[in-house]
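Q:
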Amino acid sequence: MTLLAAENLCISIGGRELVHGASFALEKGETLALVGESGSGKTLTALSLLGLLPAGMRASGRVELGGIPVLDSPASRLRQLRGAVAGMVFQEPMTSLNPLARIGQQVTEAIALHQALPKPRLRQRCLELLAECGLPDAERRLAAFPHQLSGGERQRVMIAIALANDPALLIADEPTTALDVTIQQQILELLAAEKARRGLALLFISHDLGVVRRYADRVAVMEAGHLVESAATPALFASPKHPYTRMLLASEPSGVPEPPTPGAEILLESEGVGVDFPIRRGVLRREVGRVRALGGLALSIHAGETVALVGESGSGKSTAALALLALQQAAGHVRFAGQDLATLSKPALRLLRARMQIVFQDPYSSLSPRLSVAEIVAEGLRVHAPRLAPAERQAKVEAALAEVGLAPDSLNRYPHEFSGGQRQRIALARALVLQPRLLVLDEPTSALDMTVQAQIIALLRRLQRDHRLGYLFISHDLRVVRALAHRVLVLRRGEVVEQGPSEQVLATPRHPYTRALLAAAFPETAPGEGHAPRP
Amino acid sequence: MTLSPLARRRLAVFCAHRRGVWSLAIFLLLFALTAPAEFVANDRPLVLQYRGHWYFPVLSDYAENTFGKGFLPTEADYTAPDVKAAIRAHGWMLWPPIRYHYDTLCLDLSGPAPSPPSLAHPLGTDDQARDVLARVIYAFRVSVLFGFTLTFAASAIGIAAGAVQGFYGGLVDLLFQRFIEIWSGMPQLFLLIILGSVIAPGFFVLLLFLLVFSWMTLTGVVRAEFLRGRTLDYVRAARALGVTDAGLMARHILPNAMVAILTFVPFILSGSVTVLASLDFLGFGLPPGSPSLGELVAQGKNNLQAPWLGITAFVVLGGLLTLLVFIGEAVRDAFDPRRGGG
Numbered sequence: 000m001t002l003l004a005a006e007n008l009c010i011s012i013g014g015r016e017l018v019h020g021a022s023f024a025l026e027k028g029e030t031l032a033l034v035g036e037s038g039s040g041k042t043l044t045a046l047s048l049l050g051l052l053p054a055g056m057r058a059s060g061r062v063e064l065g066g067i068p069v070l071d072s073p074a075s076r077l078r079q080l081r082g083a084v085a086g087m088v089f090q091e092p093m094t095s096l097n098p099l100a101r102i103g104q105q106v107t108e109a110i111a112l113h114q115a116l117p118k119p120r121l122r123q124r125c126l127e128l129l130a131e132c133g134l135p136d137a138e139r140r141l142a143a144f145p146h147q148l149s150g151g152e153r154q155r156v157m158i159a160i161a162l163a164n165d166p167a168l169l170i171a172d173e174p175t176t177a178l179d180v181t182i183q184q185q186i187l188e189l190l191a192a193e194k195a196r197r198g199l200a201l202l203f204i205s206h207d208l209g210v211v212r213r214y215a216d217r218v219a220v221m222e223a224g225h226l227v228e229s230a231a232t233p234a235l236f237a238s239p240k241h242p243y244t245r246m247l248l249a250s251e252p253s254g255v256p257e258p259p260t261p262g263a264e265i266l267l268e269s270e271g272v273g274v275d276f277p278i279r280r281g282v283l284r285r286e287v288g289r290v291r292a293l294g295g296l297a298l299s300i301h302a303g304e305t306v307a308l309v310g311e312s313g314s315g316k317s318t319a320a321l322a323l324l325a326l327q328q329a330a331g332h333v334r335f336a337g338q339d340l341a342t343l344s345k346p347a348l349r350l351l352r353a354r355m356q357i358v359f360q361d362p363y364s365s366l367s368p369r370l371s372v373a374e375i376v377a378e379g380l381r382v383h384a385p386r387l388a389p390a391e392r393q394a395k396v397e398a399a400l401a402e403v404g405l406a407p408d409s410l411n412r413y414p415h416e417f418s419g420g421q422r423q424r425i426a427l428a429r430a431l432v433l434q435p436r437l438l439v440l441d442e443p444t445s446a447l448d449m450t451v452q453a454q455i456i457a458l459l460r461r462l463q464r465d466h467r468l469g470y471l472f473i474s475h476d477l478r479v480v481r482a483l484a485h486r487v488l489v490l491r492r493g494e495v496v497e498q499g500p501s502e503q504v505l506a507t508p509r510h511p512y513t514r515a516l517l518a519a520a521f522p523e524t525a526p527g528e529g530h531a532p533r534p
Numbered sequence: 000m001t002l003s004p005l006a007r008r009r010l011a012v013f014c015a016h017r018r019g020v021w022s023l024a025i026f027l028l029l030f031a032l033t034a035p036a037e038f039v040a041n042d043r044p045l046v047l048q049y050r051g052h053w054y055f056p057v058l059s060d061y062a063e064n065t066f067g068k069g070f071l072p073t074e075a076d077y078t079a080p081d082v083k084a085a086i087r088a089h090g091w092m093l094w095p096p097i098r099y100h101y102d103t104l105c106l107d108l109s110g111p112a113p114s115p116p117s118l119a120h121p122l123g124t125d126d127q128a129r130d131v132l133a134r135v136i137y138a139f140r141v142s143v144l145f146g147f148t149l150t151f152a153a154s155a156i157g158i159a160a161g162a163v164q165g166f167y168g169g170l171v172d173l174l175f176q177r178f179i180e181i182w183s184g185m186p187q188l189f190l191l192i193i194l195g196s197v198i199a200p201g202f203f204v205l206l207l208f209l210l211v212f213s214w215m216t217l218t219g220v221v222r223a224e225f226l227r228g229r230t231l232d233y234v235r236a237a238r239a240l241g242v243t244d245a246g247l248m249a250r251h252i253l254p255n256a257m258v259a260i261l262t263f264v265p266f267i268l269s270g271s272v273t274v275l276a277s278l279d280f281l282g283f284g285l286p287p288g289s290p291s292l293g294e295l296v297a298q299g300k301n302n303l304q305a306p307w308l309g310i311t312a313f314v315v316l317g318g319l320l321t322l323l324v325f326i327g328e329a330v331r332d333a334f335d336p337r338r339g340g341g
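Chains as they are written, first to last, in numbering that gives the first Met the number 0: chain S, 0 to 534; chain V, 0 to 341.
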């Protein structure tokens with residue numbers, strides 16, 4: 000029997016259609032992956048299956064879950080479905096758990112909604128579930144609050160809640176996107192194991208094709224509200240039919256950087272750069288200890304070369320970027336073009352800043368919402384060439400925008416009118432207008448969609464070739480690193496655990512941490528722990 | 000000037016707030032009427048012609064013997080019947096709509112002051128036989144001007160102080176916070192009473208005094224906004240471009256902190272109006288005889304047999320504060336990001 004069937008599902012808000020007639024079906028024990036870029040309607044489709052659409056949105060068509068039509072069911076009927084027939088896991092475990100309720104309470108609440116169990120049984124069931132979902136030391140953790148758990152543990156609790164009433168279907172909406180790469184792996188393994196044990200059907204929403212390829216039986220591709228292609232996983236990856244699917248597959252970061260010119264001058268050199276954060280306690284805020292965010296970082300970047308700094312969140316990558324640009328108090332020495340940044344006066348340092356620029360991860364927060372694009376890009380010129388004639392300034396701004404592939408008509412618009420990829424181009428233009436020698440790129444692609452990511456990578460490569468830029472590239476995604484970097488430094492808890500030319504580090508990793516990162520980034524080539532999709 | 004899309008959206012939200020728009024319109028109308036108070040309510044003519052010469056008594060003083068040899072060279076009293084007659088004989092006078100200044104003593108009352116509303120005095124007279132309507136017009140102007148000046152001066156100082164605290168953080172912040180804690184512990188009213196016993200505080204002395212103690216209202220909000228703002232990516236990006244500290248504060252953080260500030264300002268404004276009124280009510284405010292809403296409230300309290308004093312004071316003061324609060328609500332909604340403003 001078909002567990003879930005959606006036919007001609009349309010979702011609209013105020014007369015505007017967001018999802019146009021999607022049809023798909025899901026059998027018991029099958030994994031269907033819903034793939035697409037942000038804004039393609041994946042999440043809305045998933046929410047509509049349980050009647051959870053935000054207020055104001057309307058779904059039409061036919062959705063049957065376990066033989067019951069969902070769209071016209073009364074609220075009481077829907078409540079029976081939610082949790083009992085289908086459970087749901089969301090992207091961000093921190094916000095999908097109630098921060099004020101203990102873990103035990105939240106899991107027992109989920110059980111008690113559908114099963115009338117006596118209290119001791121309830122507690123026992125709750126413990127079983129948490130243990131099954133791999134929460135270590137579940138007995139003691141029942142009384143913990145969500146903030147006392149790590150991201151991975153929180154997601155395990157979310158899965159336990161979703162599985163509390165033995166649903167036949169689990170809807171997982173980007174369950175690993177907010178997690179670190181090595182944790183992602185564990186959560187995916189847990190989902191696969193639960194699926195195998197319970198014969199669970201899994202509706203898996205993701206933008207990560209590597210993960211989808213490894214865990215899904217069938218894939219449905221969505222583009223701008225249309226379900227454009229749906230096929231068994233091997234067939235889809237082997238011979239994609241729809242042009243959008245082909246583009247999506249081709250947008251996997253690929254290629255290698257151009258070899259650097261030998262004998263290029265050193266742009267930036269650091270020695271023993273360390274950052275400590277003091278821990279202060281008590282009324283007098285006396286320092287009782289220090290947290291080492293970064294310990295003794297030594298690196299050098301040549302003109303035309305990309306050095307990648309790789310590690311998970313909290314490993315000190317971003318701190319390193321700020322410290323190397325003297326935007327953060329740090330010990331040690333940083334020399335840029337032969338000058339020690341620590342010994343420079345404030346005005347001299349300000350002058351030097353024109354030659355070293357930074358691009359941040361999130362293009363939504365790195366552009367001031369109050370300034371127009373022209374003002375944002377011209378900001379550096381205002382500082383470093385204050386006497387430039389307005390016409391000349393305008394010409395330079397337009398040249399910088401053209402360089403990153405933006406039309407001159409974007410000048411008088413505001414950042415919120417642009418997409419993520421375009422915003423990242425604006426941020427690049429802001430850095431490039433001063434003609435810097437060194438660019439620090441702090442995860443410049445990780446907030447972007449796959450296809451946009453590929454475009455930005457191509458742009459970065461071209462800019463490097465044209466201007467012999469030195470890049471310090473910070474990322475947790477080794478696929479992007481492989482496509483861009485000449486040399487790699489792997490950071491863990493502020494210490495460099497491995498470094499070397501990128502092909503060497505990526506091909507023959509020596510440190511187990513590097514190996515874990517690699518396994519997460521390239522699951523298809525990971526040796527020894529292959530998990531083939533079930534037929 | 001073209002408005003940014005953001006500003007246009009905010010304007011639209013503000014305009015959709017009917018109550019706020021009406022309040023703003025009424026307030027602006029009242030202020031437009033009372034701002035040129037000397038031309039609306041005065042015991043001198045606006046303009047007169049005497050023997051072919053033009054005179055502007057509202058703007059300058061003329062000696063009484065200008066209008067005839069029989070008068071003394073003292074300042075002209077245009078309400079005196081013989082002066083009126085002398086001018087009428089050789090020219091004409093144009094009077095303002097209300098022929099009383101706030102300190103004009105009306106000697107033609109039918110009964111003892113305070114006298115009830117009549118045709119000559121639509122709101123009656125107070126216990127010193129002065130026209131209440133004229134006094135209310137002047138008092139409204141003083142209240143609004145005092146409120147605006149105090150609010151703007153206090154906000155400017157408060158924003159600057161909060162910006163420095165939040166931006167630099169650390170020791171600067173710590174010391175400044177302790178200073179504010181001590182400073183806000185000063186007994187304002189007692190200091191004002193002591194001040195009042197030494198000098199008679201006028202408009203500007205009072206303004207300065209209140210300013211010294213009221214600039215801290217915004218400091219906390221601005222400090223918090225700057226503490227948050229200084230670590231935002233676009234501020235870091237600007238710092239990486241080499242923008243100076245002052246530039247970072249003024250151009251990159253402040254515009255984004257303005258939302259929090261602007262939602263507070265209308266309420267500070269109504270607070271400032273109230274402060275002046277209450278000081279006047281207690282008798283520690285503007286010098287005796289000045290037109291003031293607080294003084295009118297006090298008169299209403301002392302003359303319960305003349306309810307028009309109390310009712311007028313209540314309606315004017317209550318109405319003014321209500322208008323300001325309604326305008327403030329509309330401004331706050333316009334800047335509320337959840338309503339599509341931010």
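Heads up, the beta-carbon is just placed ideally off N, CA and C, and yes, glycines get one too. Keep in mind it's a predicted model, so treat the numbers as computed, not measured.
When the distance is taken between beta carbons, is Leu51 of chain S closer than 8 Å to Arg101 of chain S?
A: Looking up residue 101 of chain S in the first sequence gives position 102. Looking up residue 51 of chain S in the first sequence gives position 52. For Arg101 of chain S and Leu51 of chain S, no; Cβs fall outside 8 Å.
Q: Hey, Leu49 of chain S and Met87 of chain S are a contact pair by Cβ (cut 8 Å); roughly how many whole angstroms apart?
A: In the first sequence, counting from the first residue as 1, residue 49 of chain S sits at position 50. In the first sequence, counting from the first residue as 1, residue 87 of chain S sits at position 88. Contact holds; Cβ gap of about 7 Å.
Q: Measuring CB atoms only, is the stretch 68-81 of chain V touching the stretch 19-29 of chain V, in the sense that at least three cross pairs come out at less than 8 Å?
A: The stretch 68-81 of chain V, when compared against the stretch 19-29 of chain V, does not touch it at the 8 Å Cβ threshold.
Q: In the DSSP assignment, what residue or residues form a beta bridge with Leu126 of chain S?
A: What you label residue 126 of chain S is simply residue 127 of the first sequence in a count that begins at 1. Leu126 of chain S pairs with nothing; no bridge assigned.
Q: Would you mind listing the beta strand (DSSP E) stretches within the stretch 282-320 of chain S that are 3+ residues and don't spill past its ends, in chain order?
A: Correct list: 285-301, 305-309.
Q: Taking the beta carbon of Ile278 of chain S as the centre, do at least 16 other beta carbons fall within 10 Å, making it buried, or is it exposed?
A: Locating residue 278 of chain S in the first sequence gives position 279, counting from the first residue. So Ile278 of chain S ends up on the exposed side.
Q: Using 8 Å as the threshold, is the C-beta distance between Val156 of chain S and Leu134 of chain S below it?
A: If you number the first sequence from 1, residue 156 of chain S lands on position 157. If you number the first sequence from 1, residue 134 of chain S lands on position 135. A contact, by the Cβ cut-off of 8 Å.
Q: Report the neighbours of Ala239 of chain V on chain S: residues whose CB is nearer than 7 Å to its CB, in chain order.
A: The sequence position of residue 239 of chain V within the second sequence is 240, counting from 1. Within 7 Å Cβ-Cβ: Leu324, Leu326, Arg352, Gln356, Ile357.
Q: Looking only at its chain, what residues have a beta carbon closer than 7 Å to the beta carbon of Thr311 of chain V, apart from the 5 residues adjacent to it on each side?
A: Reading the second sequence from its first residue, position 312 is the one you call residue 311 of chain V. If we look at Thr311 of chain V and ignore the five residues flanking it on each side, its Cβ neighbours are Leu122, Val131, Val135, Leu295.
Q: Assign Thr73 of chain V to one of two classes, buried (16 or more other C-beta atoms within 10 Å of its C-beta) or exposed (fewer than that).
A: Translated into positions along the second sequence, residue 73 of chain V becomes position 74. Thr73 of chain V comes out exposed.
Q: Would you identify the three-state DSSP class for Ala219 of chain S, choosing helix, strand or coil?
A: Position 220 of the first sequence holds residue 219 of chain S. Strand at Ala219 of chain S.
Q: Using a Cβ-Cβ cut-off of 8 Å, state whether Ala236 of chain V counts as contacting chain S.
A: Residue 236 of chain V sits at position 237 when you count from the first residue of the second sequence. Yes, because at least one Cβ of chain S sits closer than 8 Å to the Cβ of Ala236 of chain V.
Q: From Leu326 of chain S to Pro346 of chain S, what does the alpha carbon distance come to, in whole angstroms?
A: In the first sequence, the residue the question calls residue 326 of chain S occupies position 327. In the first sequence, the residue the question calls residue 346 of chain S occupies position 347. Going by the C-alpha atoms only, they are around 14 Å apart.
Q: Note the first and the last residue of the continuous beta strand (DSSP E) segment covering Thr30 of chain S.
A: As a working mapping, residue 30 of chain S is identified with position 31 in the first sequence. Run containing Thr30 of chain S: 30-34, per the beta strand (DSSP E) assignment.
Q: Once DSSP output is grouped into helix, strand and coil, what is the label at Tyr99 of chain V?
A: Position 100 of the second sequence, counted from the first residue, corresponds to residue 99 of chain V. Correct three-state label for Tyr99 of chain V: coil.
Q: By a C-beta neighbour count over all protein chains shown, 10 Å radius and 16 as the cutoff for buried, is Trp53 of chain V buried or exposed?
A: Counting from 1 along the second sequence, the entry for residue 53 of chain V is found at position 54. Classification for Trp53 of chain V: exposed.
Q: Name the DSSP beta bridge partners of Pro277 of chain S, please?
A: Residue numbering aside, residue 277 of chain S sits at position 278 when the first sequence is read from its first letter. BP columns for Pro277 of chain S point to S:Arg289.
Q: Please list the residues of the stretch 375-389 of chain S that have a C-beta atom closer than 7 Å to any C-beta atom in chain V, keeping them in chain order.
A: Listed by position, the residues of the stretch 375-389 of chain S near chain V (Cβ gap below 7 Å) are Glu378, Gly379, Val382, His383.
Q: Who are the neighbours of Tyr233 of chain V on chain S, taking C-beta pairs under 7 Å?
A: In the second sequence, the residue the question calls residue 233 of chain V occupies position 234. The answer, in chain order, is Ser364, Ser365, Leu366, Ser367.
Q: Starting from Trp182 of chain V, trace the beta strand (DSSP E) in both directions and tell me its first and last residue.
A: As a first step, residue 182 of chain V must be located in the second sequence, where it is residue number 183. Taken as a continuous stretch (DSSP letters only), Trp182 of chain V belongs to no beta strand (DSSP E), being part of the alpha helix (DSSP H) at 169-182.
Q: Whole angstroms are fine: how far does the CA of Gly337 of chain S sit from the CA of Ala506 of chain S?
A: The residue you call residue 506 of chain S lines up with position 507 of the first sequence. The residue you call residue 337 of chain S lines up with position 338 of the first sequence. So the alpha carbons of these two residues sit roughly 34 Å apart.
Q: For Gly165 of chain V, which option in V:Thr216, V:Ile192, V:Glu224 has the closest C-alpha, if you only look at C-alpha atoms?
A: Walking along the second sequence from the start, residue 165 of chain V turns up at place 166. The shortest Cα separation from Gly165 of chain V among V:Thr216, V:Ile192, V:Glu224 belongs to V:Glu224.
Q: Would you call the stretch 303-310 of chain S in contact with the stretch 249-266 of chain S, where contact means no fewer than 3 C-beta pairs closer than 8 Å?
A: Touching, yes.
Q: Which value, in whole angstroms, describes the spacing of the CA atoms of Pro111 of chain V and Pro254 of chain V?
A: Locating residue 111 of chain V in the second sequence gives position 112, counting from the first residue. Locating residue 254 of chain V in the second sequence gives position 255, counting from the first residue. Roughly 58 Å between the two C-alpha positions.
Q: Closer than 7 Å, Cβ to Cβ, to anything on chain S: give me those residues from the stretch 248-278 of chain V, in chain order.
A: Listed by position, the residues of the stretch 248-278 of chain V near chain S (Cβ gap below 7 Å) are His251, Pro254, Asn255.
Q: If you run the structure through DSSP and keep just helix, strand and coil, what is Ala4 of chain S?
A: As a working mapping, residue 4 of chain S is identified with position 5 in the first sequence. The answer is strand: DSSP assigns Ala4 of chain S an E or B state.
Q: Any idea which residues DSSP pairs Glu268 of chain S with across the strands?
A: The sequence position of residue 268 of chain S within the first sequence is 269, counting from 1. DSSP lists S:Ser299, S:Arg334 as partners of Glu268 of chain S.
Q: Any idea what DSSP makes of Tyr243 of chain S, helix, strand or coil?
A: In the first sequence, counting from the first residue as 1, residue 243 of chain S sits at position 244. Helix, per DSSP.
Q: Interface residues of chain S around Leu10 of chain V at Cβ under 8 Å?
A: Locating residue 10 of chain V in the second sequence gives position 11, counting from the first residue. Within 8 Å Cβ-Cβ: nothing; Leu10 of chain V doesn't reach chain S, min ~16 Å.
Q: Out of curiosity, what's the CA-to-CA distance linking Ala143 of chain S and Pro414 of chain S?
A: Counting from one through the first sequence, the residue named residue 143 of chain S turns up at place 144. Counting from one through the first sequence, the residue named residue 414 of chain S turns up at place 415. Approximately 41 Å between the Cα atoms of the pair.
Q: For the stretch 315-349 of chain S, which residues have a CB atom closer than 7 Å to at least one CB atom of chain V, in sequence order?
A: Per Cβ criterion, the list reads Leu324, Leu326, Arg349.
Q: Return the residue from the list V:Tyr99, V:Leu320, V:Phe66 that minimises the CA-CA distance to Pro265 of chain V.
A: As a first step, residue 265 of chain V must be located in the second sequence, where it is residue number 266. Here the closest residue by C-alpha is V:Leu320.
Q: Looking at the structure shown, is Ala58 of chain S part of a helix, part of a strand, or coil, going by DSSP?
A: Position 59 of the first sequence, counted from the start, is the residue given in the question as residue 58 of chain S. Strand at Ala58 of chain S.
Q: Can you list, in chain order, the residues of its chain with a C-beta nearer than 6 Å to that of Gln434 of chain S? Leave out the 5 residues immediately preceding and following it.
A: Stepping through the first sequence from its first residue, residue 434 of chain S is reached at position 435. Closer than 6 Å at Cβ, skipping near neighbours: no residue.
Q: Provide the residue(s) that pair with Thr124 of chain V in DSSP beta bridges, ordered along the chain.
A: Looking up residue 124 of chain V in the second sequence gives position 125. BP columns for Thr124 of chain V point to V:Asp130.
Q: Beta carbon of Val403 of chain S, beta carbon of Ala377 of chain S: below 8 Å?
A: Position 404 of the first sequence, counted from the start, is the residue given in the question as residue 403 of chain S. Position 378 of the first sequence, counted from the start, is the residue given in the question as residue 377 of chain S. No, they are not a contact pair.
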